[in-house]
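Asker: With this note's numbering, the residue at position 98 of the sequence shown is 200, and numbering never jumps.
This is the structure I have questions about; it appears just below.
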Amino acid sequence: MSEAATDTPDVAMSVPPLASRRAATRRRVPPAWLISLATVALALLAWIAATQAGLVKPLFLPRPGSVLAAFSDALDGRIDGAPLLEHVAASLMRVASAFVLAALIGIPVGLATGLNPALRAAFDPFIEFYRPLPPLAYLPLVIIWFGIGETSKILLIFLACFAPVALAARAGVSAASVDQVNAARALGASRAQVVRHVVLPAALPDILVGLRIGMGVGWTTLVAAEMVAASTGIGQMVLNASNFLRTDIVVMGILVIGALAALFEFGMRRLERRLTPWKGRA
């Protein structure tokens with residue numbers, strides 16, 4: 103009995119505390135950026151290996167060198183008669199204009215429908231009806247109503263961005279607890295002050311998530327929007343290349359669209375960390 107009693111404290115002391123084990127595990131896990139970089143490098147190596155070995159025909163998956171050559175030709179304007187920067191500028195103008203309109207209209211509509219049940223009942227049927235529709239479904243109607251100019255392209259992207267932004271803002275209203283609202287009213291705050299100082303800060307994380315989703319949906323709608331008799335734009339360049347089976351240009355255009363969308367996403371994440379530093383720490 104005396105030996106067992108003497109051994110037990112030694113065994114207990116030899117087991118590291120739970121916090122120390124967790125810290126050691128975190129130290130062993132490589133940083134997220136390194137994992138992402140390694141994953142992208144592996145995907146690129148697999149792409150090179152598959153095309154070099156002839157496992158995939160160039161019509162279906164071109165070699166990385168062919169995509170780089172198409173990128174160089176696009177920069178010099180040897181593909182569609184316009185340099186790549188002109189296509190990028192046209193697409194950015196359409197997506198950015200639609201996104202700003204969706205934010206300026208969608209956030210107030212979402213907050214209003216979240217605060218007022220009557221407005222929610224009035225707007226909900228329309229938003230929920232068109233939200234699941236693919237943009238190509240109402241593209242012909244947009245052309246008939248607004249023609250083939252820039253208005254129809256921006257409107258199509260705007261409609262795609264609007265629903266996620268409005269629904270996220272509406273959902274964010276419920277993040278403000280009743281106790282917070284009652285405390286503000288007890289201190290003499292008006293309805294407008296309650297919305298500005300209580301509801302809006304509580305809804306801000308959801309609003310920013312909705313803006314990120316809306317921006318992503320806007321980029322996915324870009325190709326459909328530039329089907330409407332566009333002479334410039336990345337989507338238009340990709341569509342023209344697909345008609346001539348230029349897969350290298352198609353892949354290059356997809357990579358450019360993805361890179362631009364990723365830059366917007368990283369920018370929105372940075373803005374989210376700056377505006378809502380408390381998110382995830384409560």
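Just so you know, even glycine gets a beta-carbon here, dropped at the ideal spot from N, CA and C.
Could you name the residues of the same chain whose beta carbon sits closer than 8 Å to that of L377, not counting the 5 residues immediately before and after it, in chain order?
Answerer: L306, L310
Asker: Would you kindly work out how many angstroms separate the C-alpha atoms of S138 and A145, rounded to a whole number?
Answerer: 11 Å
Asker: Could you name each continuous alpha helix (DSSP H) segment of 4 residues or more that falls completely within the stretch 152-185, going from the start of the chain to the end?
Answerer: 166-178
Asker: Under a Cβ-count criterion, where at least 16 other Cβ atoms within 10 Å of its own Cβ denotes burial, should I181 be classed as buried or exposed?
Answerer: Classification for I181: buried.
Asker: When burial is assigned at 16 or more other CB atoms within 10 Å of the CB, is E328 buried or exposed?
Answerer: buried
Asker: Assign S104 to one of three DSSP states: helix, strand, or coil.
Answerer: Because S104 carries a pLDDT of 47, less than 50, the predicted location of this residue cannot be relied on, and no value is offered for it.
Asker: Please determine if the stretch 358-370 and the stretch 312-322 are in contact, where contact requires at least 3 C-beta pairs separated by less than 8 Å.
Answerer: yes
Asker: Note down, in chain order, each residue of its chain lying with its Cβ closer than 8 Å to the Cβ of H189, except the 5 sequence neighbours on either side.
Answerer: A176, D182, T334, G335, I336, Q338, M339
Asker: One question on the structure: do L341 and V325 come within less than 8 Å of each other, judged by their Cβ atoms?
Answerer: The Cβ atoms of L341 and V325 lie closer than 8 Å to each other.
Asker: Please tell me whether A286 and V296 are closer than 8 Å, where the distance is taken between their beta carbons.
Answerer: yes
Asker: If you drop the 5 nearest sequence neighbours on each side, which residues of the same chain put their C-beta closer than 7 Å to that of A204?
Answerer: Result list for A204: F260, C263, F264, V267, G316, in chain order.
Asker: Since I believe L258 is in contact with L241 (beta carbons under 8 Å), could you give me their beta-carbon distance rounded to a whole number of angstroms?
Answerer: 6 Å
Asker: Just to confirm, are A331 and V301 a CB contact at a threshold of 8 Å?
Answerer: no
Asker: Between which two residues does the alpha helix (DSSP H) holding E252 run?
Answerer: 252-275
Asker: Which one of I250, L217, V158 has the shortest CA to CA distance from V280?
Answerer: L217
Asker: Which stretch, first to last residue, makes up the alpha helix (DSSP H) that contains R287?
Answerer: From DSSP, the alpha helix (DSSP H) with R287 extends over 280-288.
Asker: Answer with buried or exposed for G274, where buried requires no fewer than 16 other C-beta atoms within 10 angstroms of its C-beta.
Answerer: buried
Asker: Between which residues of its own chain and E105 is the CB-CB distance below 8 Å, once the five residues before and five after are set aside?
Answerer: Here E105 scores only 48 on pLDDT, less than 50, and its place in the model should not be relied on; the value that follows carries that caveat. Within the same chain, E105 has no close Cβ partners at all.
Asker: Less than 8 Å between the C-beta atoms of L163 and T153, yes or no?
Answerer: yes
Asker: Quick check: what's the CA-CA separation for F225 versus V169?
Answerer: 46 Å
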